[in-house]
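Residues 177 to 326 in the numbering used here are what the sequence shown lists, from first letter to last. From the three backbone atoms N, C-alpha and C, an ideal C-beta is built for every residue, glycine too. This one's a predicted model, so the numbers in the text were calculated from it and none came from an experiment. Quick notes on the structure that follows.
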Amino acid sequence: MPDDLLRPTVGAGVDLSARPWRLMSQTYVAFFGGVLASTAIAYLNAKRLGVDAAKRRLILLAGLAGLIVVVGVFVLAYGDESGLTSGLRVGIRVVAVVCCMLQVRLQRPMDRAFQLRGADYGSLWGMGIAVTLGGAVAEALILLAVTAIL
């Protein structure tokens, strides 16, 4: 008869069919795809890790705040005659990566629990490329709409 005290409880209540992605891989998505892409990946990964709903909402709120900051930076810098400069692009990427690091921090406790289970991470290549492209296009369309308003 197995002893309940020695039974592993780290995986309790977590669906192991969808493997989560490595947390630091999400920073690549943030750098190349922007705030929207990193928020989508962070939210999906948090769901895979079994992060509670309150923290998943915080991930979405961090993404929304990051998008507002990106639009703000864009509006402030777009007034120059140079338009979309490399400095502006770097600033937008910095905001995306900082936002991603906050989202990673919200996922970290459940990621450590996943590591204790000894399971392998899933590959982020396919989904990461798709979300990176989609997020970059969506963010560009949002900034294009902002320029139309200005």
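- In this structure G248 is exposed. Its beta-carbon is surrounded by fewer than 16 other beta-carbon atoms within 10 angstroms.
- Between the alpha carbons of V205 and I305 lies a distance of about 8 Å.
- In this model, A218 and A253 are separated by some 28 Å (Cα to Cα).
- Per DSSP, W301 is one residue of the alpha helix (DSSP H) stretching across W301 to I325.
- The three-state reading of DSSP puts L199 in coil, since its state is none of H, G, I, E or B.
- Taking C-alpha positions only, G310 is separated from L292 by approximately 33 Å.
- Annotation for A222: the continuous alpha helix (DSSP H) segment containing it runs V211 to L225.
- With distances taken between CA atoms, G267 lies nearest to F207 out of F207, L326, S214 and T308.
- Shown here, G294 sits in coil according to DSSP, grouped into three states, outside any helix or strand.
- The C-alpha of L243 lies about 7 Å from the C-alpha of L212.
- Ranked by how close their Cα comes to the Cα of L264, the residues A289, M277, F250 and S299 have F250 in first place.
- Here L236 has T215 and Y219 as same chain residues with Cβ atoms under 7 Å from its own Cβ, once five neighbours each way along the sequence are excluded.
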